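All letters in the sequence shown, in the order written, are residues 8 to 169 by my numbering.
Let me begin by presenting the structure, written as structure tokens, before commenting on it.
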Amino acid sequence: MADDRIPMTREGYDKLKAELDRMRNVEMIAVTVRVAEARAMGDLSENAEYHAAREDQGILQAKINEVADRLARAAIVDMATLPKDTVAFGSKVKVMDLDLDEEETYELVGPGQENPDKGRILTGSPIGQGLLGRKKGDTVEIPVPRGTIRFKILDISMASGI
Numbered sequence: 008m009a010d011d012r013i014p015m016t017r018e019g020y021d022k023l024k025a026e027l028d029r030m031r032n033v034e035m036i037a038v039t040v041r042v043a044e045a046r047a048m049g050d051l052s053e054n055a056e057y058h059a060a061r062e063d064q065g066i067l068q069a070k071i072n073e074v075a076d077r078l079a080r081a082a083i084v085d086m087a088t089l090p091k092d093t094v095a096f097g098s099k100v101k102v103m104d105l106d107l108d109e110e111e112t113y114e115l116v117g118p119g120q121e122n123p124d125k126g127r128i129l130t131g132s133p134i135g136q137g138l139l140g141r142k143k144g145d146t147v148e149i150p151v152p153r154g155t156i157r158f159k160i161l162d163i164s165m166a167s168g169i
């Protein structure tokens, strides 16, 4: 799975890159200063400030590593080359939830652009994976953690602002 490419737009890539730069060049420097200041306070075995700063430093480094990995696996997608009649990365999909009899709209996006509250879901999410490759009129059953959801695809368009 470590070799999986992650589709994203140029904007999504740039947003993640800016986040990585901020973490490395602002946050990490601030945490490193905190560690140094706490170290200067003396006995490290009983220095709570030092241990807290080191823990924060470790957590931040893990976040940096994760974002750097996502950027390294990024596959920039040219939105102009994507199919218009099939659900793909960058699609805006209107579906009918057949169990709840409600219409929902999802935009399939890459990392850094997701916002489930606004219907922007990752292509790698269970719903995103279940919709990929489908066409208008298709009925799809998607296994999700809470069971299975059934959608009928009502419309496919290109999402705006991706």
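From the three backbone atoms N, C-alpha and C, an ideal C-beta is built for every residue, glycine too.
Predicted model only: the values in this text are computed from it and were never measured.
Item to check | At least three beta-carbon pairs within less than 8 Å, the stretch 155-167 to the stretch 100-108 | outcome: Result yes; three or more Cβ-Cβ pairs closer than 8 Å.
Checklist entry - In whole angstroms, what is the alpha-carbon distance linking Ser121 and Val40? => result For this step, residue 121 is matched to residue 114 along the sequence shown. For this step, residue 40 is matched to residue 33 along the sequence shown. Sequence check: residue 121 is Glu here, not Ser. Taking the straight line joining both Cα atoms gives about 33 Å.
Checklist entry - Does the distance from the C-beta atom of Asn54 to that of Ala43 stay below 8 Å? => result The count along the sequence shown starts at 1 and reaches residue 54 at position 47. The count along the sequence shown starts at 1 and reaches residue 43 at position 36. In this structure, the beta-carbon distance from Asn54 to Ala43 does not fall below 8 Å.
Item to check | Residue ranges of each beta strand (DSSP E) within the stretch 104-150, 3 or longer | outcome: DSSP runs (the beta strand (DSSP E)) wholly in the stretch 104-150: 109-116 and 127-129.
Checklist entry - What residue does the beta strand (DSSP E) around Thr39 start on, and which one ends it? => result Position 32 of the sequence shown, counted from the first residue, corresponds to residue 39. Counting along the chain, Thr39 falls outside any beta strand (DSSP E), though it belongs to the alpha helix (DSSP H) covering Met35 to Arg46.
Next on the checklist: For Val102, list the residues DSSP reports as bridge partners.
Outcome noted: Here residue 102 refers to the residue found at position 95 when the sequence shown is read from its first residue. Val102 is bridged to Glu111 and Ile160.
Checklist entry - Based on the DSSP secondary-structure assignment, which residues constitute the bridge partners of Pro14? => result Along the sequence shown, one-based indexing puts residue 14 at 7. According to DSSP, Pro14 bridges with Ala82.
Checklist entry - How about Leu23 and Leu67: do their beta carbons lie closer than 8 Å? => result Taking the sequence shown and counting its residues from 1, the one referred to as residue 23 is at position 16. Taking the sequence shown and counting its residues from 1, the one referred to as residue 67 is at position 60. Going by beta carbons, Leu23 and Leu67 fall outside the 8 Å limit.
Checklist entry - Nearest to Gly154 by CA position, among Leu51, Ile83, Pro133 and Val38, is which residue? => result One-based indexing of the sequence shown puts residue 154 at position 147. Ranking Leu51, Ile83, Pro133 and Val38 by Cα distance to Gly154 puts Pro133 first.
Checklist entry - Is it the case that the Cβ atoms of Met15 and Pro90 are separated by a distance below 8 Å? => result If you number the sequence shown from 1, residue 15 lands on position 8. If you number the sequence shown from 1, residue 90 lands on position 83. Not closer than 8 Å, so no.
Next on the checklist: Please classify Ala141 as buried or exposed, where buried requires at least 16 neighbouring CB atoms within 10 angstroms.
Outcome noted: Locating residue 141 in the sequence shown gives position 134, counting from the first residue. Residue 141 is actually Arg in this sequence, not Ala. Classification for Arg141: buried.
Next on the checklist: So, at 8 Å on beta carbons, what are the nonlocal neighbours of Gly126 in its own chain, with the 5 sequence-adjacent residues on each side left out?
Outcome noted: The residue you call residue 126 lines up with position 119 of the sequence shown. Around Gly126: Glu111, Thr112, Tyr113 and Glu114.
Next on the checklist: So Ser2 and Ala47 are supposed to be a Cβ contact under 8 Å. How far apart are they, rounded?
Outcome noted: This structure cannot speak to residue 2, because the chain is shown only from 8 to 169.
Checklist entry - CB-CB under 7 Å to Gly135, same chain, minus the five flanking residues each way: which ones, in chain order? => result Translated into positions along the sequence shown, residue 135 becomes position 128. So the list reads Leu115, Ile128 and Leu129, once near-sequence residues are dropped.
Checklist entry - Buried or exposed: which applies to Gly65, given that a residue is buried once 16 or more other Cβ atoms fall within 10 Å of its Cβ? => result On the sequence shown, position 58 is the one that residue 65 refers to. Exposed is the label assigned to Gly65, since fewer than 16 other Cβ atoms lie within 10 Å of its Cβ.
Next on the checklist: What does DSSP give as the partner residue(s) for Gly154 in the beta ladder?
Outcome noted: Along the sequence shown, one-based indexing puts residue 154 at 147. Partner(s): Val151.
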